[in-house]
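Take a look at the structure below.
Residue numbers (this note's numbering): 9 to 399.
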């Protein structure tokens, strides 16, 4: 396990020496990237003494082909410490103008920022907007705290205490490997059932929650197969994406890839019904009195009750307009280990949005979560799965 430690041009650079020294004592390998501004503030000799690994600068990009790609792949987590308002803004807005920023953009690993700046800079509306956006996509922040700042003022913006940073990084390093060597299968998005060449039956599912779960599992070391209905989403990095359209196609692909699966998560909103016979030509409205529908196969139930190839841990989703009672019934009736429950009403419009409000239901307990980003929901879900598997 390795940490990529990105040092930016904050006056709190000296704090990074203490953090790195403790991590070295714990035999954790660290590679460092120094930005040009950080280089002006850093004692390179002292930095070298405090790490097990290498130090990289912008000039190294020309010497080593695809260095930003290699660094983003070979390290388990990326830590920006100390993080300036400029470094936060670059990552939030997709800028890639140096080794540090291109490595962050190319990363498929957990990213953690440890901010250090003046109170007015931290509270600046633009900075807060950038921080909130990064949090919404799963980027984590350690600090800042309130205290006396390097400029002499007092307020929020002080870098977090050294031991708290170290403890958080070690915990994140461990959890980044929680699903290493685990094989996970996820379904996501809607399915589409044709009525005729023009019309179809579907639902409002965007696939965002399933894609976030796939992304977080991949970041935790899992080998992930994502079987997705039609969406407008970019597939997560390091995830095998299988595109399908109908419920039958999804069922066939799930069966095909359901071999030695450790965790299967069925977040797709599969259409309950399909046409008994799809119209070859557009059906004129004057000729439609009713649609002859038949039930689609219950993919979740079929896999969860499989006698030979049942995944070791099966998670279903339950979007209900009523209470949790139906979700709890589903847990038993469909032989699941866990159900993720959404109550759908005017106050919790889940579909197509970037936020979600979930309850995680298992045989022995139910845990309710406040409304938050779907990225955070994905973390809650995979952490709960990990705890259930290992308890």
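Where is the CB? At the ideal position from N, CA and C, for every residue including glycine.
Here the structure is a predicted model, which means the values were calculated and not measured.
Problem - Beta-carbon contacts of residue 97 that lie in its chain and below 8 Å, excluding the five residues immediately before and after - result: 103, 134, 135 and 138
Practice task
For the alpha helix (DSSP H) holding residue 133, just list the boundary residues, first then last.
Solution key: 133-144
Exercise for the section: Helix, strand or coil for residue 350, going by three-state DSSP, please let me know. Expected result: Assignment of residue 350 by DSSP, reduced to helix, strand and coil, places it in the strand class.
Handout entry: Proximity winner among 164, 247 and 83, relative to residue 122 (alpha-carbon distances)
Key = Closest in alpha carbon position to residue 122, among 164, 247 and 83, is 164.
Handout entry: Buried or exposed (CB count within 10 angstroms, at least 16 for buried), residue 14
Key = buried
Practice task
Figure out for me which residue from 320, 237 and 339 has the closest Cα to the Cα of residue 397.
Solution key: 320
Practice task
Grab the span of the alpha helix (DSSP H) containing residue 110 for me, first residue to last.
Solution key: 107-114
Problem - Where residue 64 falls, given that 16 or more other Cβ within 10 Å makes a residue buried - result: buried
Handout entry: Delimiting residues of the alpha helix (DSSP H) encompassing residue 14
Key = Per DSSP, residue 14 belongs to no alpha helix (DSSP H); it is in the beta strand (DSSP E), 10-15.
Handout entry: residue 318 and residue 311 closer than 8 Å at C-beta
Key = Yes.
Practice task
Tell me, please, which residues DSSP counts as bridged to residue 283.
Solution key: Paired residue(s): 301.
Handout entry: Secondary structure of residue 22, DSSP reduced to three states
Key = helix
Handout entry: Nearest candidate by alpha-carbon position, reference residue 185, set 225, 270, 339 and 211
Key = 225
Handout entry: Reduced DSSP secondary structure (H/G/I, E/B, other) of residue 166
Key = Reduced to three states, the DSSP call for residue 166 is strand.
Problem - Cβ distance (whole Å) where residue 19 is taken to contact residue 158 below 8 Å - result: 5 Å
Handout entry: Member of 316, 144, 160 and 328 whose CA lies at the smallest distance from the CA of residue 385
Key = When each option's Cα is compared against that of residue 385, the closest is 144.
Exercise for the section: Check the DSSP bridge columns for residue 149 and list the partner residues they point to. Expected result: Residue 149 is bridged to 121.
Exercise for the section: Return yes when at least one heavy atom of the ligand ADP lies under 7 Å from the C-beta of residue 310, else no. Expected result: Absent from the structure shown: the ligand ADP. Ligands present: none.
Practice task
Would you grab the beta carbon distance between residue 214 and residue 279 for me? Rounded to a whole angstrom, and I think it's under 8 Å.
Solution key: Wrong, their Cβ atoms sit about 15 Å apart, outside the cutoff.
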